[in-house]
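Chains as they are written, first to last, in my numbering: chain A, 1 to 202; chain B, 1 to 202. From the three backbone atoms N, C-alpha and C, an ideal C-beta is built for every residue, glycine too. Since the structure is predicted, the reported quantities are computational estimates derived from the model, not experimental observations. Each remark here refers to the structure printed beneath this line.
Here is the structure:
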């Protein structure tokens with residue numbers, strides 16, 4: 001990939017450089033994992049001086065968090081899942097999760113986030129803060145169940161388990177199933193956690 | 001930890017050295033993760049020459065697999081879970097999983113295995129082979145459901161999700177729950193996968 005760095009002139013400018021660094025960081029964190037991605041390797045791929053990476057992002061951790069902006073808008077996803085037919089909540093969430101994980105652009109970023117969180121306690125803390133602020137808190141507010149925070153923890157468990165088993169460890173036959181089949185497997189468990197069946201609707 | 005290496009004399013001998021290397025490797029893989037554990041750091045902790053580590057284990061991957069022998073006997077665990085009251089299968093499996101994960105000796109080894117598998121594709125492949133040979137194949141043979149291989153994949157998903165959310169990312173409130181409460185949360189999902197409810201018993 002040939003990306004114009006700040007050195008190649010005014011036109012590309014700081015925001016283009018920052019974007020090139022972020023893009024290289026996203027790709028490398030997803031593919032190499034947190035530990036093996038370095039400020040240097042990111043600078044090299046972005047075609048910029050390593051010092052410039054340090055100028056935009058004080059540390060690898062900071063760059064990691066910046067690079068792993070969630071590839072969806074929780075403010076839209078939550079009403080989409082919880083609105084409409086209450087019996088289809090689990091199915092809509094499973095559908096949304098699979099769409100993001102199977103998408104060639106967003107999938108590797110999400111899998112990379114899980115990889116990074118697994119390999120490094122600092123990254124795990126940041127992933128937790130990222131999820132908690134952007135998804136868990138708003139989701140827990142919206143969930144029509146008696147213990148929404150616990151339900152959100154359990155939903156996270158289902159999604160993290162899927163990422164590990166289908167996309168990272170690749171257990172068969174789950175890894176080779178069509179996405180639609182995986183949606184059908186996940187939907188009933190998610191439906192219960194989303195208040196669809198347990199009789200504890202608010 | 002002061003462990004007698006081969007250099008300290010005949011008495012400790014090769015098997016004691018090998019055991020010291022394995023013990024250091026188990027601790028380091030669990031605590032540092034796969035990437036940051038090195039043959040050198042293992043040799044240092046075991047108090048042996050690095051060449052001796054290479055003599056016993058040809059590569060870090062080989063040492064990883066040797067160090068992560070599963071801390072339970074699937075030959076006993078499977079009949080324990082599937083035998084007895086069929087309505088309690090999910091509860092017995094959840095109980096067994098939590099006992100191993102909460103145990104201060106076996107827990108970090110299992111969590112370390114998941115960490116390592118997440119951070120390195122080669123380790124993921126080895127973890128898959130290890131699980132497949134020692135647990136999944138015998139479990140799939142014994143499971144009284146219509147698609148046992150898929151059920152085993154889904155059980156793996158549940159356990160991997162729990163390890164990620166409670167022990168690695170530590171999502172709350174799941175991370176702070178008493179083990180018994182986690183058993184109660186997991187049991188119904190596992191029960192369905194173990195053929196306890198879906199009406200597809202053999």
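Subject >> Residues of its chain near residue 160 of chain B, where Cβ-Cβ distance is below 6 Å and the 5 sequence neighbours each way are ignored >> reply: Looking up residue 160 of chain B in the second chain gives position 160. Cβ-Cβ distances below 6 Å link residue 160 of chain B to nothing in the same chain once the five nearest sequence neighbours on each side are left out.
Original post:
How is residue 178 of chain B classed by DSSP in three states: helix, strand or coil?
Top reply: Mapped onto the second chain, residue 178 of chain B falls at position 178. Three-state result, residue 178 of chain B: coil.
**OP:** Check distances from the C-beta atoms of the segment 147 to 167 of chain B to those of chain A and list, in chain order, the residues that come in under 7 Å.
**Re:** 149, 150, 153, 154, 156, 157, 158, 160, 161, 162, 164, 165
**OP:** Go ahead and pull the three-state DSSP assignment for residue 102 of chain B.
**Re:** On the second chain, position 102 is the one that residue 102 of chain B refers to. DSSP places residue 102 of chain B in helix when its eight states are reduced to three.
**OP:** May I ask you to report which of helix, strand or coil DSSP gives residue 47 of chain B?
**Re:** As a first step, residue 47 of chain B is located in the second chain; it is residue number 47 there, counting from the start. Correct three-state label for residue 47 of chain B: coil.
Original post:
Do you know how far the Cα of residue 120 of chain B is from the Cα of residue 29 of chain B?
Top reply: Along the second chain, one-based indexing puts residue 29 of chain B at 29. Along the second chain, one-based indexing puts residue 120 of chain B at 120. For residue 29 of chain B and residue 120 of chain B, the distance between alpha carbons rounds to 12 Å.
Original post:
So is residue 87 of chain B in contact with chain A if we call contact Cβ pairs under 8 Å?
Top reply: Within the second chain, residue 87 of chain B is the residue found at index 87, counting from 1. Not one chain A Cβ lies under 8 Å of residue 87 of chain B.
Subject >> N- and C-terminal bounds of the alpha helix (DSSP H) containing residue 158 of chain B >> reply: Walking along the second chain from the start, residue 158 of chain B turns up at place 158. Looking at the DSSP string, the run of the alpha helix (DSSP H) that includes residue 158 of chain B is 148 to 162.
Original post:
How many whole angstroms separate the CB atoms of residue 132 of chain B and residue 124 of chain B, which I take to be in contact at a CB cut-off of 8 Å?
Top reply: By 1-based counting over the second chain, the position of residue 132 of chain B is 132. By 1-based counting over the second chain, the position of residue 124 of chain B is 124. Approximately 12 Å separates the beta-carbon atoms of residue 132 of chain B and residue 124 of chain B; this is outside 8 Å, ruling out the contact.
**OP:** Decide if the segment 62 to 82 of chain A is in contact with the segment 130 to 149 of chain A; the criterion is three or more beta carbon pairs, one per stretch, under 8 Å apart.
**Re:** yes
Original post:
Where does residue 85 of chain A sit, in a helix, a strand or coil, going by DSSP?
Top reply: Stepping through the first chain from its first residue, residue 85 of chain A is reached at position 85. Coil, per DSSP.
Original post:
Looking only at its own chain, which residues have a Cβ that is under 8 Å from the Cβ of residue 33 of chain B, when we skip the five neighbours before and after it?
Top reply: For the purposes of this step, residue 33 of chain B is taken as residue 33 along the second chain, with counting starting at 1. Contacts found: 112, 115, 116, 119.
**OP:** Could you check the C-alpha separation between residue 51 of chain A and residue 126 of chain A for me, to the nearest Å?
**Re:** In the first chain, the residue the question calls residue 51 of chain A occupies position 51. In the first chain, the residue the question calls residue 126 of chain A occupies position 126. Those two C-alpha atoms are separated by around 24 Å.
Original post:
Exposed or buried, what is residue 108 of chain A when buried is set at 16 or more other beta-carbons lying within 10 Å of its beta-carbon?
Top reply: As a working note, residue 108 of chain A is residue 108 in the first chain. By the 10 Å Cβ count, residue 108 of chain A comes out buried.
Subject >> residue 29 of chain A at chain B interface by Cβ criterion, 8 Å >> reply: For the purposes of this step, residue 29 of chain A is identified with residue 29 of the first chain, where counting begins at 1. It does not: the Cβ of residue 29 of chain A has no partner Cβ on chain B nearer than 8 Å.
**OP:** Give a yes or no on whether the C-beta atoms belonging to residue 94 of chain A and residue 134 of chain A are separated by under 8 Å.
**Re:** One-based indexing of the first chain puts residue 94 of chain A at position 94. One-based indexing of the first chain puts residue 134 of chain A at position 134. In this structure, residue 134 of chain A does not lie closer than 8 Å to residue 94 of chain A by Cβ.
**OP:** Could you name the residues of the same chain whose beta carbon sits closer than 6 Å to that of residue 46 of chain A, not counting the 5 residues immediately before and after it, in chain order?
**Re:** Position 46 of the first chain, counted from the first residue, corresponds to residue 46 of chain A. Excluding positions up to five away in sequence, the list reads 3, 20, 21, 24.
Original post:
Applying the criterion that 16 or more other CB atoms from any shown protein chain within 10 Å of the CB defines a buried residue, is residue 83 of chain A buried or exposed?
Top reply: The residue labelled residue 83 of chain A in the question sits at position 83 within the first chain. Its Cβ having fewer than 16 others within 10 Å, residue 83 of chain A is exposed.
Subject >> Candidates B:150, B:136, B:166, of which the one nearest residue 150 of chain A by Cα >> reply: Reading the first chain from its first residue, position 150 is the one you call residue 150 of chain A. The candidate whose alpha carbon is nearest that of residue 150 of chain A is B:166.
**OP:** Give the secondary structure of residue 167 of chain A by DSSP, where H, G and I count as helix, E and B as strand, and everything else as coil.
**Re:** Reading the first chain from its first residue, position 167 is the one you call residue 167 of chain A. Helix at residue 167 of chain A.
**OP:** Residues of the segment 17 to 50 of chain A with a CB closer than 9 Å to any CB of chain B: list them in chain order, please.
**Re:** 33, 34, 35, 36
**OP:** Taking the CB atoms as reference points, tell me whether residue 153 of chain A and residue 110 of chain B lie closer together than 8 Å.
**Re:** What you label residue 153 of chain A is simply residue 153 of the first chain in a count that begins at 1. What you label residue 110 of chain B is simply residue 110 of the second chain in a count that begins at 1. Not closer than 8 Å, so no.
Original post:
Going by Cα to Cα distance, which pick from B:31, B:60, B:35 is closest to residue 43 of chain B?
Top reply: Indexing the second chain from 1 puts residue 43 of chain B at position 43. When each option's Cα is compared against that of residue 43 of chain B, the closest is B:60.
**OP:** Output, in sequence order along the chain, the residues in the segment 112 to 139 of chain B whose CB is closer than 9 Å to any CB in chain A.
**Re:** 114, 115, 116, 117, 118, 119, 120, 121, 124, 125, 127, 128, 131, 132, 136
Subject >> Contacting positions in the segment 89 to 111 of chain B - beta carbon closer than 7 Å to chain A >> reply: none
Subject >> Whether residue 195 of chain B touches residue 144 of chain B by CB criterion (8 Å) >> reply: As a position in the second chain, residue 195 of chain B is number 195, starting the count at 1. As a position in the second chain, residue 144 of chain B is number 144, starting the count at 1. In this structure, residue 144 of chain B lies closer than 8 Å to residue 195 of chain B by Cβ.
Original post:
What first and last residue would you give for the alpha helix (DSSP H) that runs through residue 21 of chain B?
Top reply: Along the second chain, read from residue 1 onward, the residue named residue 21 of chain B stands at position 21. 13 to 32 is the span of the alpha helix (DSSP H), which, as asked, contains residue 21 of chain B.
Subject >> Interface residues of chain A facing residue 169 of chain B [CB-CB closer than 9 Å] >> reply: As a working mapping, residue 169 of chain B is identified with position 169 in the second chain. Those within 9 Å of residue 169 of chain B in chain A are 114, 117, 118, 124, 125, 127, 128, 131, 156, 160.
Original post:
If you measure from the beta carbon of residue 145 of chain B to each beta carbon in chain D, is any gap under 8 Å?
Top reply: The structure shown contains no chain D; its protein chains are A and B.
Subject >> Assigned exposure category for residue 189 of chain A - 16 Cβ within 10 Å defines buried >> reply: For the purposes of this step, residue 189 of chain A is identified with residue 189 of the first chain, where counting begins at 1. It is buried - the Cβ of residue 189 of chain A has at least 16 other Cβ atoms within 10 Å.
Original post:
Using a Cβ-Cβ cut-off of 8 Å (strictly less than) and excluding sequence neighbours within five positions of residue 171 of chain A, which residues of its own chain qualify?
Top reply: Position 171 of the first chain, counting from 1, holds the residue named residue 171 of chain A. Cβ neighbours of residue 171 of chain A beyond the five flanking positions: 165.
**OP:** Assign residue 146 of chain B to one of two classes, buried (16 or more other C-beta atoms within 10 Å of its C-beta) or exposed (fewer than that).
**Re:** Here residue 146 of chain B corresponds to residue number 146 of the second chain, with the count starting at 1. By the neighbour-count rule (16 or more Cβ atoms within 10 Å), residue 146 of chain B is not buried but exposed.
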